[in-house]
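If you're matching positions, the sequence shown starts at 456 in our numbering and goes up one per residue.
Below: one structure, written as structure tokens.
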Amino acid sequence: MGKVMRRQMDPLDCLAWSALTRDAEYDQISNDDFSIATRGEEIDLTLFPLAPGPNHMPHLKTLDRTITPTELRRIESLLPLELSNLVNVLSALLVSHGNELNTRYANLVSSKAHLQEKFDKKKRDVKLLRLEATSLDSKLENLQIGYNTLGQENRELRSQRNVAFDEVMKWDAMRDKEAQIRIQGLRLKAWRALSNPFTEETQVYNLEPSSFIYK
């Protein structure tokens, strides 16, 4: 029966049969092959890109048996050079993609702030336009009231003008009638004067027309 223990891991514990010790299986170049990697090569080339710093890992330690070949092959399959390279590439891609996402997020935040500022400005402009529209409506209403008042005054002035015109026509008619009456009176007086001859005494002693008395 085993138990899980946590201890300081020596980087070479799991790298004795790593991909660096079997380099010929990967690149088929015999000049750079080596059978045993140094501690610095193992740490720098294989382990360091994956887990820099103090390395801790939980592992199952049995008290009554040693590691089996199957478990050893499983451990070896977890640490090939290709896997390390792929992980490094994936890490670089993740970092690059993360930076791109951060840049996009920063741009979106900036765009949102800019749009919010424009939206707030538009809201203020709309509020000012509404106030101006309300003021213009009030002015228009006052102008309409003034126009109605002027229209009423104009109608009253027209009515007064018509009344005055009627009065003038009446006065003109009265003057014409009075003139006609005077003309008729003068004609009547002239006719009476012509129909009554003057006496000799009147011609001698009373020659002023104002002394004539017509009845």
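The beta-carbon is built from N, C-alpha and C at its ideal position, and this holds for glycine as well.
- Rounded to the nearest angstrom, the gap between the Cα atoms of residue 633 and residue 640 is 10 Å.
- For residue 638, the three-state secondary structure derived from DSSP is helix.
- Taken through DSSP and simplified to helix, strand or coil, residue 651 comes out as coil.
- Distance between residue 580 and residue 572, taken at the CA atoms: about 12 Å.
- Shown here, residue 522 sits in coil according to DSSP, grouped into three states, outside any helix or strand.
- One alpha carbon belongs to residue 568, the other to residue 549, and they sit about 28 Å apart.
- The beta carbon of residue 631 is closer than 6 Å to none in its chain, skipping five residues each way along the sequence.
- Between residue 604 and residue 624, the alpha-carbon positions lie close to 30 Å from each other.
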